[in-house]
Amino acid sequence: MSLLLQGTIEVGDFDVEIDLHVERGETVALVGPNGAGKSTVLRTVAGLQPISAGRLTFDGEPWDDPSAGTFVTARQRGTGSVFQNYLLFEHLSAVDNVAFGLRARRLDKHEAAAAARVALERLGVGDVTDRMPAAMSGGQAQRVALARALVLKPAVVLLDEPLAALDASSRGAVRRDLPRWLTESRAGDGGPSARIVVTHDPVDAHALADRVVVLEQGRVTQVGTLGDLAARPRSTYVADLLGTNLLQGSLCGSRFDVAGGAVLVVGVHDAADGAAVAAIRPAAVSLHRSRPEGSPRNVWETTIAGIDRSNDRVRVRLGAPIDLVVEVTEAGLDALAAGAGQQIWAAVKASEIAVVAGG
Amino acid sequence: MCGALVFVVPMAALVVRAPWRSVGELVTSGPIRSALWLSIVTSVVAALVSIVFGVPLAWVLARSRLPGRRLLRAICTLSMVLPPVVGGVALFLAFGRRGLVGGSLDRWFGVTLPFTTPAVVMAQVFVAMPFLVLTVDAALEQVDGRFEDAARTLGGSEWYVFRRVTLPAIRPAIVTGVVLTWARALGEFGATITFAGSLPGVTRTMPLETYLALETDLDRAVLLSLVLVAISFAVLYGLRGRWVGAALSGGGA
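So the protein lines, in turn, are chains A and B.
Residue 1 is where the first sequence starts when you use our numbering, and the numbers rise one by one after that.
Residue 360 is where the second sequence starts when you use our numbering, and the numbers rise one by one after that.
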């Protein structure tokens, strides 16, 4: 019971080789730099872009199989898509946008409007039913777009950068609520949906997805959990972006209590107090043989849990009190003369720690 | 500024020379009333016919992958730049009693088109429909296809998507195109007189009546011209508002 996509997608002179597998009930994040082909993959699953070779099946039913001449149209697939920038119909009110797909399925006008209102209510935007898209905030438009997709009870849900266009305040709220909306959503057959989220933000991937598929220049470069990727990045992109340390904890002003007991001082941010996630780039942490002098606000002593080498980078894993991955150069490691199990001092500037609400 | 005189002087001459004292009696005279009525009916019918045939044609030109699409577009808009008299001759050769198609129409159905009111409409459609086709074609090219894709994933059939997403997006262009088409049809002269002749009450529209009046009764000719000027001015004025409206509601779906 799952979505399987294996094959080649050609768009002009650009091609994407993809091998993707999403179970129903699971959310997979598709991450990668701009132009990697992430949106192309979503369009392919939605039925807006055919594959040139390979096979796309859902629950065993072929959706696109060029060798057999099979192609199920976007209309018949009925995937629930939330597009980048939402693409709400500008000339229709919120309730008419959400009722659009129901009306396309020849549902009676009043029944469709009633179902649309329920869907909007469920996503917390029952108060904007008669509002036009131009008069909605980003957060409202996002929820209306999600309601428009979920009201059709899709078995496959596709989200393209669902949080990118939101301002910081609504971002936190949506990041907190979206996983619940997705897991609670039911397909027409009553089962859970298979979900793909395109994002370039590791924090979003962490909040939304069970697994991560990394796509770079049209090729899958790595698949795994965020933890796997952070510990063993197989490309510079993954190391730089997804290898970011994400720490769960609670925020109170500039004080961040890491789950497990440690305390960090964080820089300027606009997240609300409460549950939060702190992101620290591996290269932002410095290691020292003895307690460092100078300005860093966060200094602690720890032990080296392990050292990984890949792609001429060295990643040092730190143990308690804060599990962190630190990136150093080979020369830097030599200077430390450090090995696994050894005591070491770690330091990170408050301004190098980004915090976002939710988690 | 000198350029403006090219337009201002003739218009001023019309207004100055107008027989203002006898306006009432001239306007209510039989020939002018029947010509005005004929012009309004035929031009409105021509505009409606242009919508029915022009919008689908524009869709084919903008969206289909038909081979020879560019050539087709050139042929369909040729009459915009063609001397209308040539259009009239072409229509006559096609739909005249001995014409390419007209011969069969006459023989099989007993239908003769030249010198009838439908011929007036045909001449107007031939000359004016390209205004609608080109305007709608350009608008269709500019519609953001992502909205139509979104509608398809929501389960819309191609017709449903066109009706509920594409059509609202190109509505301002259709209105503009129809008004331009209608105005062009109203002023049609060359193709009409060639293909439909000048039968009073049947094919003698306002521009034809004006031209004929010039030879017998200058006052009437001036007055007829002024009526056409007034209509054209009203169209331009109305369109100006439409363009502002289109800019405001434009973009998006």
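Even for Gly, the Cβ is constructed at its ideal location relative to N, Cα and C.
None of the values given here were measured: they were computed from a predicted structure.
- Item | Exposure label - aspartate 160 of chain A; buried when at least 16 CB within 10 Å | What you label residue 160 of chain A is simply residue 160 of the first sequence in a count that begins at 1. Aspartate 160 of chain A comes out buried.
- Using a Cβ-Cβ distance under 8 Å, would phenylalanine 100 of chain A count as near chain B? Here the question's residue 100 of chain A lines up with position 100 in the first sequence. Closer than 8 Å to some Cβ of chain B, the Cβ of phenylalanine 100 of chain A qualifies, so yes.
- Query: Can you tell me whether DSSP reads phenylalanine 58 of chain A as helix, strand or coil?
  - Reply: To locate residue 58 of chain A, count along the first sequence from 1; it is residue 58. Correct three-state label for phenylalanine 58 of chain A: strand.
- Query: Beta-carbon of glycine 469 of chain B versus every beta-carbon of chain A: anything under 8 Å?
  - Reply: Counting from 1 along the second sequence, the entry for residue 469 of chain B is found at position 110. No - not a single Cβ of chain A is within 8 Å of the one on glycine 469 of chain B.
- Query: Where glycine 393 of chain A and glutamine 217 of chain A are concerned, what is the direct C-alpha to C-alpha distance, given to the nearest angstrom?
  - Reply: Since the first and last residues shown for chain A are 1 and 359, residue 393 of chain A lies out of range.
- So which of A:Arg175, A:Ile344, A:Thr27 and A:Lys349 has the shortest CA-CA distance to alanine 283 of chain A? Here the question's residue 283 of chain A lines up with position 283 in the first sequence. Selected option, being the one with the closest Cα: A:Lys349.
- Query: The alpha helix (DSSP H) with asparagine 34 of chain A in it runs from where to where?
  - Reply: Residue 34 of chain A sits at position 34 when you count from the first residue of the first sequence. From DSSP, asparagine 34 of chain A is part of no alpha helix (DSSP H); its letter is neither H nor E.
- Okay, do the region 535–551 of chain B and the region 433–446 of chain B touch, 3+ Cβ pairs below 8 Å being the bar? yes
- Task: Taking glutamate 23 of chain A as the reference, give the member of A:Gly332, A:Val156 and A:Ala276 with the closest Cα.
- Result: Translated into positions along the first sequence, residue 23 of chain A becomes position 23. The option with the nearest alpha carbon to glutamate 23 of chain A is A:Val156.
- Measuring only between beta-carbons, confirm whether serine 81 of chain A sits less than 8 Å from chain B. Your numbering for residue 81 of chain A matches position 81 in the first sequence. Yes, contact with chain B.
- Task: Work out the CA separation of leucine 425 of chain B and isoleucine 9 of chain A for me, nearest whole Å.
- Result: Within the first sequence, the letter at position 9 stands for residue 9 of chain A. Within the second sequence, the letter at position 66 stands for residue 425 of chain B. When rounded, the distance between both Cα atoms is 25 Å.
- Message: Between A:Phe89, A:Lys109 and A:Leu4, which has its C-alpha nearest aspartate 65 of chain A's C-alpha?
- Response: Here residue 65 of chain A corresponds to residue number 65 of the first sequence, with the count starting at 1. The shortest C-alpha separation from aspartate 65 of chain A is found at A:Leu4.
- Could you give the DSSP three-state label for valine 285 of chain A: helix, strand or coil? In the first sequence, counting from the first residue as 1, residue 285 of chain A sits at position 285. In this structure, valine 285 of chain A counts as coil in the three-state DSSP scheme.
- Message: Measuring only the C-alpha atoms, how far is valine 538 of chain B from phenylalanine 485 of chain B?
- Response: For the purposes of this step, residue 538 of chain B is taken as the residue at position 179 of the second sequence. For the purposes of this step, residue 485 of chain B is taken as the residue at position 126 of the second sequence. Roughly 16 Å between the two C-alpha positions.
- Task: Show which residues of chain A have a CB atom less than 8 Å away from the CB atom of arginine 505 of chain B.
- Result: In the second sequence, counting from the first residue as 1, residue 505 of chain B sits at position 146. Near arginine 505 of chain B (Cβ distances below 8 Å), the residues of chain A are Phe83 and Leu87.
- Message: With a threshold of 8 Å between beta carbons, is leucine 152 of chain A in contact with chain B?
- Response: Here residue 152 of chain A is taken as the residue at index 152 of the first sequence, counted from 1. Yes, leucine 152 of chain A lies at the interface with chain B (some Cβ there is under 8 Å from its Cβ).
- Task: Run the CB neighbour count on valine 266 of chain A, radius 10 Å, all protein chains shown included, and call it buried at 16 or more, exposed below.
- Result: The residue given as residue 266 of chain A occupies position 266 in the first sequence. The residue in question, valine 266 of chain A, is buried, as its Cβ has 16 or more Cβ neighbours within 10 Å.
- the region 159–174 of chain A in contact with the region 80–87 of chain A per 3-pair CB rule at 8 Å: yes
- Along chain A, in chain order, which residues have C-beta atoms closer than 9 Å to that of arginine 511 of chain B? Position 152 of the second sequence, counting from 1, holds the residue named residue 511 of chain B. Within 9 Å Cβ-Cβ: Ala46, Gly47, Leu48, Thr73, Ala74 and Arg75.
- Message: Using the three-state DSSP reduction, which class does alanine 453 of chain B fall into: helix, strand or coil?
- Response: Start at 1 with the first residue of the second sequence, and residue 453 of chain B comes out as number 94. The answer is helix: DSSP assigns alanine 453 of chain B an H, G or I state.
- Message: What are the residues in the region 103–122 of chain A lying within 7 Å of chain B by C-beta distance?
- Response: Ala104 and Arg105
- Message: Assuming contact is defined by CB atoms lying nearer than 8 Å, are serine 591 of chain B and leucine 491 of chain B in contact in what I supplied?
- Response: Against the second sequence, residue 591 of chain B aligns to sequence position 232. Against the second sequence, residue 491 of chain B aligns to sequence position 132. No, these two residues do not count as a Cβ contact at 8 Å.
- Message: Check whether the region 270–281 of chain A and the region 240–249 of chain A are in contact - that is, three or more C-beta pairs closer than 8 Å.
- Response: yes
- Just the C-alpha distance for phenylalanine 451 of chain B and phenylalanine 14 of chain A, rounded to the nearest angstrom, thanks. What you label residue 451 of chain B is simply residue 92 of the second sequence in a count that begins at 1. What you label residue 14 of chain A is simply residue 14 of the first sequence in a count that begins at 1. If you take the alpha carbons of phenylalanine 451 of chain B and phenylalanine 14 of chain A, they lie about 53 Å apart.
- Message: Do alanine 149 of chain A and serine 81 of chain A count as a contact pair if the criterion is CB distance below 8 Å?
- Response: Counting from 1 along the first sequence, the entry for residue 81 of chain A is found at position 81. Counting from 1 along the first sequence, the entry for residue 149 of chain A is found at position 149. It is a contact, given that the beta carbons lie within the stated cut-off.
- Query: Hey, would you say glutamate 352 of chain A sits closer than 8 Å to arginine 281 of chain A, going by beta carbons?
  - Reply: To locate residue 352 of chain A, count along the first sequence from 1; it is residue 352. To locate residue 281 of chain A, count along the first sequence from 1; it is residue 281. Going by C-beta atoms, glutamate 352 of chain A is nearer than 8 Å to arginine 281 of chain A.
- Query: Where do the ends of the beta strand (DSSP E) carrying glycine 274 of chain A lie?
  - Reply: For the purposes of this step, residue 274 of chain A is taken as the residue at position 274 of the first sequence. Where glycine 274 of chain A is concerned, the enclosing beta strand (DSSP E) stretches over 274–280.
- Item | Chain-ordered neighbours of serine 516 of chain B on chain A, where CB pairs are closer than 9 Å | Taking the second sequence and counting its residues from 1, one reaches residue 516 of chain B at position 157. Those within 9 Å of serine 516 of chain B in chain A are Arg75 and Ala104.
- Task: Could you give the DSSP three-state label for glycine 462 of chain B: helix, strand or coil?
- Result: Mapped onto the second sequence, residue 462 of chain B falls at position 103. Glycine 462 of chain B: helix per DSSP, three-state reduction.
- Task: Rounded to whole angstroms, what's the CA-CA distance from proline 531 of chain B to proline 415 of chain B? Just pull it up for me.
- Result: As a first step, residue 531 of chain B is located in the second sequence; it is residue number 172 there, counting from the start. As a first step, residue 415 of chain B is located in the second sequence; it is residue number 56 there, counting from the start. When rounded, the distance between both Cα atoms is 16 Å.
- Query: Within the 8 Å Cβ cut-off, does valine 448 of chain B reach chain A?
  - Reply: Counting from one through the second sequence, the residue named residue 448 of chain B turns up at place 89. It does not; no Cβ of chain A falls within 8 Å.
- Within its chain, find whatever has a CB closer than 6 Å to the CB of serine 254 of chain A; leave out the 5 residues flanking it on each side and keep chain order. Taking the first residue of the first sequence as 1, we reach residue 254 of chain A at position 254. Result list for serine 254 of chain A: Val265 and Val266, in chain order.
- Query: Does DSSP put phenylalanine 100 of chain A in a helix, a strand or coil?
  - Reply: Taking the first sequence and counting its residues from 1, the one referred to as residue 100 of chain A is at position 100. Reduced to three states, the DSSP call for phenylalanine 100 of chain A is helix.
- By DSSP, does histidine 200 of chain A sit in helix, in strand, or in coil? Taking the first sequence and counting its residues from 1, one reaches residue 200 of chain A at position 200. In the structure shown, histidine 200 of chain A sits in coil (DSSP, three-state: anything other than H, G, I, E or B).
- Message: I want to verify the contact list: residues of chain B whose CB lies under 9 Å from the CB of histidine 21 of chain A, in sequence order.
- Response: Indexing the first sequence from 1 puts residue 21 of chain A at position 21. Residues of chain B passing the Cβ test: none, with the nearest at roughly 21 Å.
- Query: Are there three or more Cβ pairs, one per stretch, closer than 8 Å when the region 177–195 of chain A is compared with the region 217–226 of chain A?
  - Reply: no
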